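In this note's numbering, the protein residues as written are 4 to 365. Before any comments, here is the structure.
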């Protein structure tokens with residue numbers, strides 16, 4: 004019997020005054036199990052209306068912090084217990100921070116998947132549809148057109164501005180550009196929409212103007228500061244030794260920037276551009292003001308109203324018809340489509356950063 008106890012890793016660990024490996028994970032899982040059992044009993048007894056998953060996770064995480072501290076203090080002493088408590092608090096903060104994101108994704112998938120999987124959802128528009136049916140094709144096309152045009156406008160301006168600030172900018176002009184970029188970073192999105200609307204209403208003398216190119220201008224106002232800031236930080240990370248080596252070989256500055264600085268920082272620049280696209284693709288207020296909304300297909304950015312996915316979700320939920328549930332289902336499915344596009348862009352940004360990153364050899 005003694006030989007069995009001596010061979011047990013758990014017994015040896017506890018005897019040595021140390022908890023076993025992965026004890027924190029097992030305590031966390033046990034705390035969640037206890038919390039789930041408590042909430043299940045409350046649900047079965049009728050004290051609560053339904054099983055609260057979020058409450059279960061939060062209560063179980065708090066229980067984990069208390070349990071791991073008490074257990075560690077009994078076995079490992081007060082010093083190690085304080086260390087484990089701090090680690091548990093950091094873990095709890097991480098878990099609680101993830102709960103809203105997980106809750107949003109879960110709710111969107113559950114409510115939007117039925118309409119998302121209908122055969123006509125991605126093959127038709129909402130033209131002449133007053134109840135169930137129809138699709139989101141016109142909104143997807145409009146989102147791609149408007150966001151693509153905004154990218155074509157924003158990336159050259161933002162990249163050139165960041166190159167000027169890092170490579171050439173000195174004195175008051177550079178400070179003024181930096182100041183206005185910081186100001187543009189914090190402006191509300193609806194201000195960008197109002198700016199685009201006022202600009203084109205004055206240019207065309209049409210107070211009711213609505214078209215897709217105006218929406219692209221509004222989104223570019225939001226994209227440019229993000230591109231400038233991300234590109235500027237990536238250009239600053241390029242070692243000065245690379246520039247100096249190119250200058251020592253007699254390479255002019257513009258060619259050094261083109262052939263040395265930009266290729267070295269390309270991974271970070273492309274990642275920043277992709278993230279800026281993901282940031283503006285879900286904007287609703289500026290597009291609702293200047294791009295408007297429609298139930299028909301429109302491939303022309305310079306004529307008539309155009310529908311985008313964020314505006315589609317808003318209009319479907321806000322302007323429900325006789326069959327209200329069909330409108331709500333389409334709104335959830337549109338939101339799910341938008342989330343998937345943003346996730347795809349973020350994943351693509353990581354892949355591009357990996358592909359373009361400098362390959363270091365021995």
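All residues carry an ideal CB built from backbone N, CA and C; glycine is no exception. These figures come from a predicted structure and were not determined experimentally.
- Going by other Cβ atoms of all chains shown within 10 Å of its Cβ, with 16 needed for buried, is residue 341 buried or exposed? buried
- Task: Name the residue from 247, 305 and 266 whose alpha carbon lies nearest to the alpha carbon of residue 216.
- Result: 305
- How would you call residue 97, buried or exposed, if buried means at least 16 neighbouring beta carbons within 10 angstroms? Exposed, because fewer than 16 other Cβ atoms sit within 10 Å of the Cβ of residue 97.
- In angstroms, rounded to a whole number, what distance separates the CA positions of residue 143 and residue 219? Distance between the alpha carbons of residue 143 and residue 219 is about 15 Å.
- N-terminal and C-terminal residue of the alpha helix (DSSP H) that residue 215 is part of: 215-239
- Answer with buried or exposed for residue 322, where buried requires no fewer than 16 other C-beta atoms within 10 angstroms of its C-beta. exposed
- If you compare alpha carbons, which of 285, 93, 356 and 351 is closest to residue 145? 285
- Message: Cutting at 7 Å between CB atoms, please list the residues of its own chain near residue 281, excluding the five before and the five after it.
- Response: 345, 348 and 349
- Message: For the alpha helix (DSSP H) containing residue 368, name the first residue and the last one.
- Response: The first residue shown for the chain is 4 and the last is 365, placing residue 368 beyond what the model contains.
- When you compare only the Cα positions, how much space is there between residue 339 and residue 107? Going by the C-alpha atoms only, they are around 10 Å apart.
- Query: By how many angstroms is the C-alpha of residue 209 removed from the C-alpha of residue 324?
  - Reply: Residue 324 and residue 209 have their C-alpha atoms spaced approximately 31 Å apart.
- Could you tell me whether any non-hydrogen atom of the ligand ATP is closer than 8 Å to the CB of residue 205? What this structure holds is no ligand at all, so the ligand ATP is not there to describe.
- Message: Taking the straight line between their C-alpha atoms, what separation do you get for residue 359 and residue 269?
- Response: 6 Å
- Query: Quick one: Cα of residue 90 to Cα of residue 20, how far?
  - Reply: 19 Å
- Task: Tell me, to the nearest whole angstrom, how far the beta carbon of residue 95 is from that of residue 335; I am working on the premise that it is less than 8 Å.
- Result: Going by Cβ atoms, the distance from residue 95 to residue 335 rounds to 31 Å, so no, they are not a contact pair.
- Query: Where residue 301 and residue 250 are concerned, what is the direct C-alpha to C-alpha distance, given to the nearest angstrom?
  - Reply: 51 Å
- Own chain partners of residue 124 with C-beta closer than 7 Å, once the 5 adjacent residues on each side are dropped: 118, 138, 139 and 336
- Alpha-carbon spacing of residue 229 relative to residue 188, whole angstroms: 7 Å
- Query: Looking only at C-alpha atoms, which of 357, 332 and 354 sits nearest to residue 110?
  - Reply: Ranking 357, 332 and 354 by Cα distance to residue 110 puts 332 first.
- Query: residue 129: buried (16+ other C-beta within 10 angstroms of its C-beta) or exposed?
  - Reply: buried
- Can you name, in chain order, every residue of its own chain whose Cβ lies under 6 Å from the Cβ of residue 264, other than the five neighbours on each side? 241
- Item | Rounded C-alpha distance that separates residue 112 from residue 291 | 25 Å
- Starting from residue 206, trace the alpha helix (DSSP H) both ways and give me its first and last residue. 192-207
- Query: Which of the three DSSP states, helix, strand or coil, is assigned to residue 352?
  - Reply: DSSP places residue 352 in the helix class (H, G or I) of the three-state scheme.
- Message: Can you tell me whether residue 5 is helix, strand or coil according to DSSP?
- Response: Confidence in residue 5 is poor, its pLDDT being 45 and thus under 50, which makes the residue's placement too unreliable to answer from.
- Should residue 171 be labelled buried (16 or more other beta-carbon atoms within 10 Å of its own) or exposed? exposed
- Using a Cβ-Cβ cut-off of 7 Å (strictly less than) and excluding sequence neighbours within five positions of residue 75, which residues of its own chain qualify? 22, 83, 84 and 87
- Figure out for me which residue from 36, 81 and 60 has the closest Cα to the Cα of residue 99. 60
- Just checking my contact of residue 149 with residue 294 at CB under 8 Å: how many whole Å lie between their CB atoms? Confirmed, about 6 Å.
- What is the residue span of the alpha helix (DSSP H) that residue 243 lies within? 243-251
- Query: From which residue to which residue does the alpha helix (DSSP H) around residue 85 run?
  - Reply: 81-119
- Task: Would you mind stating whether residue 370 and residue 134 have Cβ atoms separated by less than 9 Å?
- Result: Because the chain is modelled from 4 through 365, residue 370 falls outside the range shown and cannot be assessed.
- Beta-carbon contacts of residue 26 that lie in its chain and below 6 Å, excluding the five residues immediately before and after: Answer for residue 26: no residue qualifies.
- Is the Cβ-Cβ distance between residue 226 and residue 151 less than 9 Å? no
- Residue nearest to residue 3 in terms of C-alpha spacing, selected from 316, 223 and 157: Examination of residue 3 is not possible in this model, given that the chain is present from 4 through 365 alone.
- Through-space distance from residue 169 to residue 239, alpha-carbon basis: The straight-line gap from Cα to Cα measures roughly 7 Å.
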